[in-house]
Structures are given as C-alpha cells and as structure tokens.
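Student:
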Amino acid sequence: MKKIFILALAATALFAFASCQKTDVTDGTANVTINVGHFATKSIGDGRTAKDLIYEVYHVGDNAGTPQYTLVTEGTEELTDLQTKLDFTLMRDNKYVALFWAQSPTAPYNTDDLRTVKMNYAGDPTIPNGNNESRDAFYGMVEFTVSNDDTANEGLTCELVRPFAQINLGTTPASLTPKQEGEQTGYKIDVLESEMEVEGIASSFDLIKGEGKNEAVNYRFTSATTPAKASEKLSVNDIDYHYVGMNYLLVPILDKNVTVSYKITTDKGIVDNSIKNVPVKENYRTNIIGNLLTSN
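Our numbering applies: residue 84 is where the sequence shown begins, and numbers increase by one.
(1) For chain B, is any of its Cβ atoms less than 8 Å away from the one on Ile-336?
(2) Would you say Phe-183 and Tyr-222 are within 8 Å of each other, going by their C-beta atoms?
(3) Per DSSP, what kind of secondary structure is Arg-218 in: helix, strand or coil?
(4) If I follow the unbroken beta strand (DSSP E) through Asp-170, where does it start and stop?
(5) Could you tell me whether the Cβ atoms of Ala-185 and Ala-113 are closer together than 8 Å?
(6) Taking the alpha-carbon positions, what's the Ile-87 to Gly-352 distance?
(7) Could you check which residue in Asn-236, Pro-256, Phe-247 has the C-alpha nearest to that of Met-202?
(8) Would you mind working out which of Gly-120, Glu-226, Asn-374, Thr-189 sits nearest Asp-401, comparing C-alpha positions?
(9) Taking the C-alpha atoms as reference points, what is the distance between Arg-218 and Glu-226?
(10) Can you give the Cα-Cα distance for Gly-238 and Ser-187, rounded to whole angstroms?
(11) Asn-118 and Gln-166: beta carbons closer than 8 Å?
(12) DSSP three-state label for Ala-307, please.
(13) Please report the distance separating the alpha-carbon of Gly-120 from that of Ala-220.
(14) According to the neighbour-count rule (16 or more other Cβ atoms, all chains shown, within 10 Å of its Cβ), is Ile-371 buried or exposed?
(15) What's the gap between the Cα of Ala-123 and the Cα of Ala-147?
(16) For a quick check, are the C-beta atoms of Val-229 and Val-115 less than 8 Å apart?
(17) Distance check for Thr-153 and Asn-297, CA to CA, integer angstroms please.
(18) I'd like the list of long-range same chain contacts for Met-224, defined as Cβ closer than 8 Å, with 5 residues on each side in sequence excluded.
(19) Going by alpha carbons, who is nearest to Asp-233 out of Asn-360, Leu-197, Thr-172, Thr-260?
(20) Determine the burial state of Thr-159: buried for a count of at least 16 other Cβ atoms within 10 Å of its Cβ, exposed for fewer.
(21) Go through its chain and collect everything with a Cβ distance to Ile-358's Cβ below 6 Å, but skip five positions before and after it.
(22) Just checking my contact of Leu-252 with Gly-144 at CB under 8 Å: how many whole Å lie between their CB atoms?
(23) What's the C-alpha gap between Asn-320 and Tyr-326?
(24) Who are the Cβ neighbours of Asn-379 in its own chain at under 6 Å, not counting the five residues just before and after it?
(25) Please list the terminal residues of the continuous alpha helix (DSSP H) segment that includes Thr-234.
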C-alpha cells in the first residue's frame, strides 16, 4: 500500500511598497500614510482574486489597563498590483490601530466589524463552495502612535498574510494512469469533482489578535470541479502532483490538528478516505499527496 504524505509549507514572499510624500500640518493633526499590500504566488491560490481592500482605523484608549477601541474612519479601496497607499489625518501623540482585510468581490465573509471577521463557508447555496479560489483573503494590522516627526508618520507599512490554512489534495501521475497486470500503458482515470469535510475549524477571525476563535466547528466543502488551473502542478520536493482539491479554513487557537475527509469522483468510480491528526497552521499550506486515486 502506498503511503500518503502530509506536508506543511510556509507561504512567504515580499512585495514592493509605493513611495510616500510629506504633508505639513499645524492644527494638532498629522498626515499618516500606510502602504498596504500582499504577495502573489505562481500556484493555485495565487492571491490575485483578493483585490478588494477593506480597512478600519481605531483610536486606542485605556481603561484601567484594558484597551478601548473607538472607530475613527473606515472605507474600501481596490488594490492595484496587490498593493495601495492610504492617507489618514489623525491626532498627534495619540495611539491608533489600523485593520486591513483584502478579499475577492464575491467572497462570502461578514466584514461589518473587522475586529472579528465572520466566515460564511457556505456562501451562495447555488454555487459549490469547494475548490473555490474566490474564497481567498488576506489580513493585516498596524499599531502606531502619531508622531511629531512627520517623516515617521509617512513610513508605515503593512504586509498582508492569509488568515487561513490552505489544504491541497495532490495525486501522482501514476494514479491517473494506473497499470494492471499484463498491461504496458495502463488506462486513464479522469478526475471529475472532489469534496472535503474538515472537523475542528474556526468560523471567525480576530484581526487584532491575529488568530481564529476557539469554536471548533465541522464543515463540508461541497463537491465541485477540481481546481480551475488544471495545468498547474503541486510541486513538493521536486515532484509534481496533480491538484484534485483545494480549500481554505480558519485554524482554532488551541487545536492545530484536524480530521480531513475527502471524496474524489472519477469516471471510474469514487474514492472516499479520511485522515486524522492533519496538521494545519495559519498562512501555511498543508499538502495531502500520494496515489490518492488508487490507494487509501
């Protein structure tokens, strides 16, 4: 029996920020600029669908050692080449926190209050929610005190990262064209759809703390055609696998291992399997790879 390997790979990259310009003010306020952006990759889930930026800026007060957040401004901005520059007029010598959330225009998330973004994993019930890149999103948070030095107020940056763990299913070329005894070339298996159920994931995300809530819900990503970029390969340790599934999920604070069940529908039948203790981590990819079509 072939083994299925589970690997978690960090998703990290850099992006360039736009330059800042100085603005002189004399009324106790200052112009604050924040350069915001996120990275793109070359594989499935490249991040380019997340181009709608939602932001909120809060004044941070103190009540007996407990932070008090007061909303001072909010808005939306479309990212250009995955980045933008935002300007705010804020009071000097005051502390603020700026929250950012970038998503697809069709992403089904509740962003009415960025301090807690709520997941609607189901979204539009008429659209299969599995293998859907438009559910990608990125977040970031910047805490700062408005300085009397204007140059310090103009150099703020925020690199957005995924709040999600990304789970990929990848099968070997050998399982797409398995050989039977006595055959020279084998026969071809066509993958039609896949679905995934994950036990123990979060359904909301705290942007200030940068972590999923400890709700530990179970969710089924419904059957959908395999990831759209069929030509893309899932490359792990210089071996190319064929994508047969990809979903985003929030990781609870204390539970970093989940149970993943998947069902792959092919023209030759259905493959049904479940794996316990799958490691997941925010802003990482977990790859479940192997002869997924011919072995459990």
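Note that beta-carbon positions come from the ideal geometry of N, C-alpha and C, so glycine has one too.
Tutor: Reading off the structure:
(1) Of the protein chains in this structure there is only one, and it is not chain B.
(2) The residue you call residue 183 lines up with position 100 of the sequence shown. The residue you call residue 222 lines up with position 139 of the sequence shown. Going by C-beta atoms, Phe-183 is nearer than 8 Å to Tyr-222.
(3) Your numbering for residue 218 matches position 135 in the sequence shown. Three-state result, Arg-218: helix.
(4) Translated into the one-based positions of the sequence shown, residue 170 becomes position 87. Its beta strand (DSSP E) spans residues 166 to 174.
(5) Residue mapping note: residue 185 aligns to position 102 of the sequence shown, counting from 1. Residue mapping note: residue 113 aligns to position 30 of the sequence shown, counting from 1. Contact: no.
(6) Position 4 of the sequence shown, counting from 1, holds the residue named residue 87. Position 269 of the sequence shown, counting from 1, holds the residue named residue 352. Here Ile-87 scores only 43 on pLDDT, less than 50, and its place in the model should not be relied on; the value that follows carries that caveat. Approximately 20 Å, taken between the alpha carbons.
(7) Against the sequence shown, residue 202 aligns to sequence position 119. Per the Cα distances, Phe-247.
(8) Any answer about residue 401 is impossible in this case: the structure gives the chain only from 84 up to 379.
(9) Numbered from 1 along the sequence shown, position 135 holds the residue referred to as residue 218. Numbered from 1 along the sequence shown, position 143 holds the residue referred to as residue 226. A direct Cα-Cα distance of roughly 27 Å separates Arg-218 from Glu-226.
(10) On the sequence shown, residue 238 is found 155 positions in, with the first residue counted as 1. On the sequence shown, residue 187 is found 104 positions in, with the first residue counted as 1. Spanning the two alpha carbons is a distance of roughly 27 Å.
(11) Taking the sequence shown and counting its residues from 1, the one referred to as residue 118 is at position 35. Taking the sequence shown and counting its residues from 1, the one referred to as residue 166 is at position 83. A contact, by the Cβ cut-off of 8 Å.
(12) As a position in the sequence shown, residue 307 is number 224, starting the count at 1. Ala-307: strand per DSSP, three-state reduction.
(13) Reading the sequence shown from its first residue, position 37 is the one you call residue 120. Reading the sequence shown from its first residue, position 137 is the one you call residue 220. Between the alpha carbons of Gly-120 and Ala-220 lies a gap of roughly 12 Å.
(14) Counting from one through the sequence shown, the residue named residue 371 turns up at place 288. Buried is the label assigned to Ile-371, since at least 16 other Cβ atoms lie within 10 Å of its Cβ.
(15) Start at 1 with the first residue of the sequence shown, and residue 123 comes out as number 40. Start at 1 with the first residue of the sequence shown, and residue 147 comes out as number 64. Rounded to whole angstroms, Ala-123 and Ala-147 show a C-alpha spacing of 42 Å.
(16) Numbered from 1 along the sequence shown, position 146 holds the residue referred to as residue 229. Numbered from 1 along the sequence shown, position 32 holds the residue referred to as residue 115. With contacts defined as CB atoms closer than 8 Å, Val-229 and Val-115 qualify as a contacting pair.
(17) In the sequence shown, counting from the first residue as 1, residue 297 sits at position 214. In the sequence shown, counting from the first residue as 1, residue 153 sits at position 70. If you take the alpha carbons of Asn-297 and Thr-153, they lie about 25 Å apart.
(18) Along the sequence shown, one-based indexing puts residue 224 at 141. If you ignore the 5 residues before and after Met-224, its C-beta comes within less than 8 Å of the C-beta of Val-180, Ala-181, Leu-182, Phe-183, Cys-241, Leu-290, Ile-291, Gly-293, all in its own chain and listed in chain order.
(19) Mapped onto the sequence shown, residue 233 falls at position 150. Nearest of Asn-360, Leu-197, Thr-172, Thr-260 to Asp-233, Cα basis: Thr-172.
(20) To locate residue 159, count along the sequence shown from 1; it is residue 76. Per the 10 Å Cβ criterion, exposed.
(21) Stepping through the sequence shown from its first residue, residue 358 is reached at position 275. Excluding positions up to five away in sequence, the list reads Val-343.
(22) Position 169 of the sequence shown, counted from the start, is the residue given in the question as residue 252. Position 61 of the sequence shown, counted from the start, is the residue given in the question as residue 144. That pair is no contact at about 47 Å.
(23) Along the sequence shown, read from residue 1 onward, the residue named residue 320 stands at position 237. Along the sequence shown, read from residue 1 onward, the residue named residue 326 stands at position 243. Whole-angstrom Cα-Cα distance: 15 Å.
(24) Taking the first residue of the sequence shown as 1, we reach residue 379 at position 296. Cβ within range, chain order: Asn-356.
(25) Sequence index remark: in the sequence shown, residue 234 carries index 151 (1-based). It spans 233 to 236 - the alpha helix (DSSP H) in which Thr-234 sits, taken as one unbroken run.
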